[in-house]
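Just below is one structure, and these are the notes that go with it.
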């Protein structure tokens, strides 16, 4: 059986609320008591993430010492407990909602998926004779990140500024209505929203960011004054939240995790830019070629099979491409392919592999992702794609694309053609059968 990731839950309670929530989300959970954990080799590399249940610690183990030990040894760890941890470890406060737990675990697992995909992508690209010595994994520190803070509450703004690194470049926008203009005119590594905003204006801003193809993957962190707004924040597309006053010590770690993910995305994009002079890119779409895909996907298939992890493959077909070609000719159709390819490149997640499979047919490989979560990502991608107007020279009016999307999880023994065909047959309905 395949899973999204293999998790070690350290808890003295068999009835803890962590395991049911994460098992439902597709994770494989193994529980050890605090004393059992110390009897085994701490941080067994077969686990992708360690969760320390500070709420169920009848052995009264010092969870802060465990967190420090995990940080020193580089083990991805999430502590359910106090946020005032003086090391680079992720925390979640008691009273969390299910979306908060899944989001924070998902962020840590995604970072591992990005690390693995960057290594795979480098290995495949180097077989083409490309020198990739300039491509490196990003550092975990925020450093000189460029951050936009949106809000006008003096106390909240002051507490945010006190926690950020002195090297960080801060821009402040007091009016959420103007924030999109700022984001489109400058390059930012993250956005910090001060609460939900007057009349939920910051929630609407987050929704608008997720509807913009160029800002779609931008990290958005919301500092909440009211913990009851947790669920609404995640539903509107916030990357993560920080509870004002209670969790401000965790701000840097949470912002840093999101920025590190964002920088992994750029590292993978940089790899592609360096490799483009070599025969890895598809001319019409400016994505990876079908040939590169046939070299790379079998490696992804093999790695995920050995780790017993989900791997989903999505197909996106432009169903009106022939109509555009017949009405306006191949030059216009090729322009449409290039613009759709560029849009997909902005929309896919950092760890996803996107390529041109056949004319007007794109593939997206989503590592560590089962069909239910892949479907959510695909609906957003398709929604933005369908809402975008593509300007084609010399046509007087823009063109919209019509699409058909297929989705399937890779099964043991699958060839590329098998999973593509199964996905096209299922459409986006596999989640009903999963």
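Residue numbers (the working numbering): 2 to 435. Every residue, glycine too, gets a C-beta built ideally from N, C-alpha and C.
Residue interval of the alpha helix (DSSP H) (run including residue i)
i, result
"residue 223", "Premise fails: residue 223 lies in the beta strand (DSSP E), 221-225, not in any alpha helix (DSSP H)."
"residue 380", "372-388"
"residue 109", "99-127"
"residue 22", "19-25"
"residue 231", "231-236"
"residue 423", "417-427"
"residue 214", "No alpha helix (DSSP H) holds residue 214; DSSP gives it neither H nor E."
"residue 248", "That residue, residue 248, is in no alpha helix (DSSP H); it is neither H nor E in DSSP."
"residue 2", "Careful: residue 2 lies outside any alpha helix (DSSP H) and carries neither H nor E."
"residue 67", "64-73"
Cross-strand partners of residue i (DSSP beta bridge)
i, result
"residue 92", "80"
"residue 410", "313"
"residue 32", "10"
"residue 54", "81"
"residue 157", "Residue 157 pairs with nothing; no bridge assigned."
"residue 299", "Per DSSP, none; premise fails for residue 299."
As assigned by DSSP and simplified to three states, the class of residue i
i, result
"residue 198", "coil"
"residue 318", "strand"
"residue 189", "coil"
"residue 326", "helix"
"residue 358", "strand"
"residue 289", "strand"
"residue 174", "strand"
"residue 272", "helix"
"residue 242", "strand"
"residue 405", "strand"
"residue 48", "coil"
"residue 166", "coil"
"residue 133", "coil"
"residue 432", "Residue placement at residue 432 is poorly supported in this model, since its pLDDT is 44, which falls under 50; the coordinates still yield a value, given next. Of the three classes helix, strand and coil, the one that applies to residue 432 here is helix, per DSSP."
"residue 332", "helix"
"residue 138", "coil"
"residue 348", "helix"
"residue 364", "strand"
"residue 282", "strand"
Anticipated Cβ contact below 8 Å, residue i with residue j, distance rounded
i, j, result
"residue 157", "residue 245", "6 Å"
"residue 243", "residue 255", "6 Å"
"residue 350", "residue 378", "7 Å"
"residue 170", "residue 195", "Between residue 195 and residue 170 the Cβ distance is about 18 Å, and since that is not below 8 Å, they are no contact."
"residue 298", "residue 417", "5 Å"
"residue 52", "residue 81", "7 Å"
"residue 121", "residue 304", "7 Å"
"residue 49", "residue 140", "Wrong, their Cβ atoms sit about 21 Å apart, outside the cutoff."
"residue 250", "residue 85", "4 Å"
"residue 400", "residue 337", "6 Å"
"residue 68", "residue 98", "Contact flag wrong, Cβ pair sits at about 22 Å."
8 Å Cβ cutoff met for residue i and residue j
i, j, result
"residue 218", "residue 190", "no"
"residue 119", "residue 268", "yes"
"residue 293", "residue 356", "yes"
"residue 136", "residue 150", "no"
"residue 222", "residue 259", "yes"
"residue 386", "residue 407", "no"
"residue 214", "residue 347", "yes"
"residue 248", "residue 94", "yes"
"residue 3", "residue 311", "yes"
"residue 6", "residue 143", "no"
"residue 272", "residue 329", "no"
"residue 152", "residue 188", "no"
"residue 252", "residue 164", "yes"
"residue 288", "residue 345", "yes"
"residue 275", "residue 131", "yes"
"residue 180", "residue 204", "no"
"residue 393", "residue 333", "yes"
Span of the beta strand (DSSP E), counted from its first residue to its last, around residue i
i, result
"residue 151", "147-151"
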